[in-house]
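Trainee: My questions will all concern the structure given below.
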Amino acid sequence: MAVRNKKKKILNEKGQAIFEFVVFLPFIIFLYTVLINLTNSINGSINQQKATRGYFYRLLKQDSRTPNRIDIDFLIGSGLNVVGPVSVGWRRKSIGQTQSFGTCYKFMNFFGNETDEECDEPRDGEVSSNFVKLFTFYGVCGETYMKSDDGYVEQTNFLRNGRFADQLGYDQCVQK
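Take the sequence shown: its position 22, counted from the start at 1, is 18 in my numbering, and no numbers get skipped.
Set out below in structure tokens:
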């Protein structure tokens, strides 16, 4: 008899659906917003990569012997002795020549402990953030050029066995 009464109490689920709706609806909405923000940031990253690749090949203008003479003169003039890779980067904005800002996607906190963090704040070290910040670079390793003692820029593939052999490592795609 006691077993039958307990079974009736267990089967009586009046109000159970409303309780589950009230308890789990905020959690489901939170998961939905996280999913939307995550897919938006992934889509933004893919679009940045496609645009950066397009800009890169447009800037090359079908010239497979990169970097070109103008780039070599600029880089050698700025103090580099070995020049090789060519790349293009995507940034939302920059301050000066050293500080770049990527595109930001903000994630909401579930427990409501919002921070006053802004997307453009510089953050040093490994810290947690409410933002996903996207930066994209695309490039290729072209011919490696080295500045000689005479001040001329020479291709290193012809110099592999010559006087630059000790200065060139296995990977020539470097800028020093």
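Every residue, glycine too, gets a C-beta built ideally from N, C-alpha and C.
1) Examine the Cβ distances between the stretch 87 to 100 and the stretch 12 to 26 and report whether three or more of them are shorter than 8 Å.
2) Kindly confirm or deny that the stretch 127 to 143 and the stretch 79 to 91 touch, where touching means at least three C-beta pairs closer than 8 Å.
3) Could you pull the DSSP bridge partners for T132 from this structure?
4) Compute the Euclidean distance between the alpha carbons of T99 and D146, then round it to the nearest angstrom.
5) So, under 8 Å CB-CB, I68 and V79 are touching, yes? Tell me the CB distance rounded to an integer number of Å.
6) Is K129 near the ligand PLP, going by C-beta to nearest heavy atom under 8 Å?
7) Where do the N-terminal and C-terminal ends of the alpha helix (DSSP H) with S37 fall, by residue?
8) Where does L31 land, buried or exposed, given buried means 16+ other C-beta within 10 angstroms?
9) Taking only three categories from DSSP, how would you classify G75?
10) When DSSP builds the beta bridges, which residues end up paired with C100?
11) To the nearest angstrom, how far is the alpha carbon of Y148 from that of K129?
12) Figure out for me which residue from K57, Q44 and L76 has the closest Cα to the Cα of R87.
13) Whole angstroms are fine: how far does the CA of Y53 sit from the CA of N36?
Mentor: According to the data block:
1) The stretch 87 to 100 vs the stretch 12 to 26: no contact.
2) Counting Cβ pairs under 8 Å, three or more are found: they touch.
3) Bridge partners of T132: W86.
4) So the two alpha carbons sit approximately 45 Å from each other.
5) Contact between I68 and V79 holds, with the beta-carbon distance rounding to 6 Å and staying under 8 Å.
6) The model on display carries no ligand, and the ligand PLP is accordingly not part of it.
7) First-last of the alpha helix (DSSP H) with S37: Q12 to L56.
8) By the 16-neighbour rule on beta-carbons within 10 angstroms, L31 is exposed.
9) Note: G75 maps to coil in three-state DSSP.
10) DSSP, once it has assigned bridges, lists K129 as partnering C100.
11) Straight-line Cα distance between these residues: approximately 41 Å.
12) With distances taken between Cα atoms, R87 lies closest to Q44.
13) C-alpha separation (whole angstroms): 26 Å.
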